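A.B. asks: Plus 1118 on top of the position in the sequence shown (first one is 1) and you've got the numbering used here. Okay, handing you the structure first.
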Amino acid sequence: MIRAAVIGSPILHSLSPILAHQLFQISGIEGHYSRICGSDFDDVINLVNYLELDYINITSPFKSEAMKLGYIMQSTAFETKLVNTILFNSSQPIALNSDTFAISEILKQLPQKNIKKALIIGGGDTALISYLVLKKFSEEIIGLSIRDSNNPYYQSFKFDELMNFNSQFDLIINTHPKKAFNYPATFFKDSIVIDAIYHKPWLKAFQAKLYIEGLEWLKLQGMKSFEYAIDIDTSDFELNSDFSINEKSNIYLTGFMKSGKTTIGKELAIRLIYDFIDLDEYIEMITGMTISNIFNTLGESGFREIESTVLKEISMRTKTIISLGGGTILDPTNVETIKSSGYNIWIFNYLREIMERTDNMKRPLLSQNVAELYESRIDAYFQSSDMIFHNNQLEKTLDLLENEIRNTF
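Spelled out as structure tokens, the structure:
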């Protein structure tokens, strides 16, 4: 089975998993593609290596940091000094950049070939990639600076300065996720607009000569990454047109015992004004029995049956954070229930971290060796995950997860 993920922050809104799973299905390959959220690149890469992923895609803010890994660089990554894909399924990891392919293909297909003046909105990694490709197509390139920055590649102007330009732009490439300025209604109307943003695309509301949505960029770079990773030609693949984000607002927290699911869930619910349910505590409340008593009386199979029934009931709610039991996702039916009503976030901890927290605990399944139980569930946690986060510092975890959820909905 192919194991892959996209890394970055924010990342929960990413449609890369939807694209990858379509590609897996079309090519007849078994695989799972998740998201890994984090603010520390080294910590995220350590997790990627631990999970033994076959390949990863990389988005903001890690595209430039990936250069420091010292992997073999394909020409696209070497020339841009930015990496958006790393392949691990060969003798040595290979870093590359499929964004250059995406923007090149879009530019080649434009009805207007003579681009005299182009504008790039934004100043991050995607803006730089756009410039490096666009300079082969356009006579003049300028930038619209969102923040004060020293751009060593092309001249950037502040918004007020840009309004003094008399000439119209043949092409505008937007790489900024938010509408930072009060653009005149006619600012884009005579320009071809390429949008790199597909999540909440603010530019779509403006009239343009031709508008190319961010999903086109996503599909092109994602399919090229898939080709490199799987060594398969995707040129004849017909993708499903439905790339909508999961609008179900429930958040499920899964993970091994003592991973912090309940602590995180309670605090997140307060911050986001969501309801909170601890699945085990809810089961105890409606049965009048402790989890240990249910196991002793009905066995694990009896408990799992109750768990599935209760989970289906809870899944009908909205804007609820649910802390799952450590073994809830072992039942494929439960995973279907979760996926149909929200996002499943794996709160990850390394075994050594779990062991430090499980001394003198009384849990129904702790008669089984903790390490053995932990290792036996890793694959199930990964394959059921929509996003993975390493909980190694509570406040940082809460801040990042809060931002992920607010950014997505």
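Glycine residues also receive a C-beta, built at the ideal position from the N, C-alpha and C atoms. Owing to the predicted nature of the structure, the values given are computational and were not obtained by experimental measurement.
Going by beta carbon distance, what residues of the same chain come within less than 6 Å of residue 1137, once the five residues before and after it are set aside?
C.D. replies: Within the same chain, residue 1137 has close Cβ partners 1340.
A.B. asks: Have a look at residue 1329 and residue 1230 and give me their C-alpha separation to the nearest angstrom.
C.D. replies: One C-alpha to the other measures close to 13 Å.
A.B. asks: Measure the CB-CB distance between residue 1174 and residue 1212 and report whether it falls below 8 Å.
C.D. replies: Taking 8 Å as the Cβ cut-off, residue 1174 and residue 1212 do not qualify as a contacting pair.
A.B. asks: Any chance you could list the alpha helix (DSSP H) runs of at least 4 consecutive residues sitting entirely within the segment 1138-1189, in chain order?
C.D. replies: With a minimum length of 4 residues, the continuous alpha helix (DSSP H) runs that stay inside the segment 1138-1189 are 1159-1168.
A.B. asks: Kindly give me the distance between the Cβ atoms of residue 1454 and residue 1338, rounded to whole angstroms, as I take these residues to be in contact under 8 Å.
C.D. replies: No, residue 1454 and residue 1338 are not in contact; Cβ-Cβ is about 31 Å, not under 8 Å.
A.B. asks: State yes or no: is the C-beta of residue 1071 within less than 8 Å of the C-beta of residue 1509?
C.D. replies: Absent from the structure is residue 1071, since the part of the chain shown begins at 1119 and ends at 1527.
A.B. asks: Taking the CB atoms as reference points, tell me whether residue 1171 and residue 1505 lie closer together than 8 Å.
C.D. replies: Taking 8 Å as the Cβ cut-off, residue 1171 and residue 1505 do not qualify as a contacting pair.
A.B. asks: With the cut-off set at 8 Å, would you say residue 1325 and residue 1307 are in Cβ contact?
C.D. replies: In this structure, residue 1307 lies closer than 8 Å to residue 1325 by Cβ.
A.B. asks: Just to confirm the assignment, what range does the alpha helix (DSSP H) spanning residue 1489 have?
C.D. replies: First-last of the alpha helix (DSSP H) with residue 1489: 1488-1502.
A.B. asks: Could you please give the first and the last residue of the uninterrupted beta strand (DSSP E) stretch that includes residue 1124?
C.D. replies: From DSSP, the beta strand (DSSP E) with residue 1124 extends over 1120-1126.
A.B. asks: Who does residue 1385 pair with in a DSSP beta bridge?
C.D. replies: Paired residues: none, contrary to the question.
A.B. asks: So, is residue 1379 buried or exposed, given that buried needs 16 or more other C-beta atoms within 10 angstroms?
C.D. replies: So residue 1379 ends up on the buried side.
A.B. asks: Check whether the segment 1436-1443 and the segment 1484-1504 are in contact - that is, three or more C-beta pairs closer than 8 Å.
C.D. replies: Not touching, per the Cβ criterion.
A.B. asks: Which one of 1237, 1428, 1277 has the shortest CA to CA distance from residue 1452?
C.D. replies: Closest by alpha carbon: 1428.
A.B. asks: Check the DSSP bridge columns for residue 1328 and list the partner residues they point to.
C.D. replies: Paired residues: 1310.
A.B. asks: In angstroms with no decimal places, state the Cα-to-Cα distance between residue 1247 and residue 1255.
C.D. replies: Computed Cα separation, rounded: 13 Å.
A.B. asks: For a test of the three-state rule: what should DSSP assign to residue 1357, helix, strand or coil?
C.D. replies: If DSSP states are grouped into helix, strand and coil, residue 1357 belongs with coil.
A.B. asks: Within its chain, find whatever has a CB closer than 8 Å to the CB of residue 1333; leave out the 5 residues flanking it on each side and keep chain order.
C.D. replies: Once the five neighbours on either side are set aside, the close Cβ partners of residue 1333 are 1133, 1316, 1361.
A.B. asks: Give the straight-line distance between the Cα atoms of residue 1459 and residue 1426, rounded to the nearest whole angstrom.
C.D. replies: Taking the straight line joining both Cα atoms gives about 14 Å.
A.B. asks: Is residue 1506 near the ligand MG, going by C-beta to nearest heavy atom under 7 Å?
C.D. replies: Summarising the ligand content, the structure contains no ligands, and the ligand MG is consequently not present.
A.B. asks: What three-state label does DSSP hand residue 1215 in the structure shown?
C.D. replies: Coil.
A.B. asks: Using the C-alpha atoms, what's the distance from residue 1511 back to residue 1221?
C.D. replies: For residue 1221 and residue 1511, the distance between alpha carbons rounds to 38 Å.
A.B. asks: Closest to residue 1432 by C-alpha separation, out of 1400, 1299, 1498, would be which residue?
C.D. replies: Of the listed residues, the one whose Cα sits closest to residue 1432 is 1400.
A.B. asks: I want to know whether the segment 1154-1161 touches the segment 1190-1197 - three or more CB-CB distances under 8 Å.
C.D. replies: These segments do not touch.
A.B. asks: Measure from the alpha carbon of residue 1065 to the alpha carbon of each residue in 1233, 1335, 1344, then state which is nearest.
C.D. replies: Limits of the chain in this structure are 1119 at one end and 1527 at the other, which puts residue 1065 out of reach.
A.B. asks: For the candidate residues 1527, 1253, 1147, whose alpha-carbon lies nearest to that of residue 1368?
C.D. replies: If we check each option's Cα against that of residue 1368, 1527 comes out closest.
A.B. asks: Ignore the nearest five residues each way along the sequence and tell me which others in residue 1396's own chain have a CB closer than 6 Å to its CB.
C.D. replies: Once the five neighbours on either side are set aside, the close Cβ partners of residue 1396 are 1380, 1441.
A.B. asks: Give the secondary structure of residue 1393 by DSSP, where H, G and I count as helix, E and B as strand, and everything else as coil.
C.D. replies: Three-state DSSP puts residue 1393 in a strand.
A.B. asks: Tell me, to the nearest whole angstrom, how far the beta carbon of residue 1320 is from that of residue 1296; I am working on the premise that it is less than 8 Å.
C.D. replies: Sure, about 7 Å apart at Cβ, within 8 Å.
A.B. asks: When you compare only the Cα positions, how much space is there between residue 1404 and residue 1366?
C.D. replies: Taking the straight line from one Cα to the other gives about 25 Å.
A.B. asks: Assuming contact is defined by CB atoms lying nearer than 8 Å, are residue 1239 and residue 1304 in contact in what I supplied?
C.D. replies: No, these two residues do not count as a Cβ contact at 8 Å.
A.B. asks: Between which residues of its own chain and residue 1485 is the CB-CB distance below 6 Å, once the five residues before and five after are set aside?
C.D. replies: For residue 1485, the predicted structure reports a pLDDT of 45, less than 50, and the residue's modelled location is therefore unreliable. The matter cannot be settled from this model.
A.B. asks: Below 7 Å CB to CB, which residues in the same chain sit around residue 1263 once its five sequence neighbours on both sides are set aside?
C.D. replies: The answer, listed in chain order, is 1241, 1274, 1275, 1276.
A.B. asks: Quick one, which of 1408, 1438, 1501, 1407 has its alpha-carbon nearest residue 1450's?
C.D. replies: The shortest Cα separation from residue 1450 among 1408, 1438, 1501, 1407 belongs to 1501.
A.B. asks: Return helix, strand or coil for residue 1456, following the three-state DSSP convention.
C.D. replies: Helix.
A.B. asks: Suppose the cutoff is 7 Å on Cβ atoms and the five residues either side in sequence are ignored; what does the same chain contact list for residue 1309 look like?
C.D. replies: Only 1286, 1287, 1288, 1289, 1290, 1326, 1327 meet the Cβ criterion.
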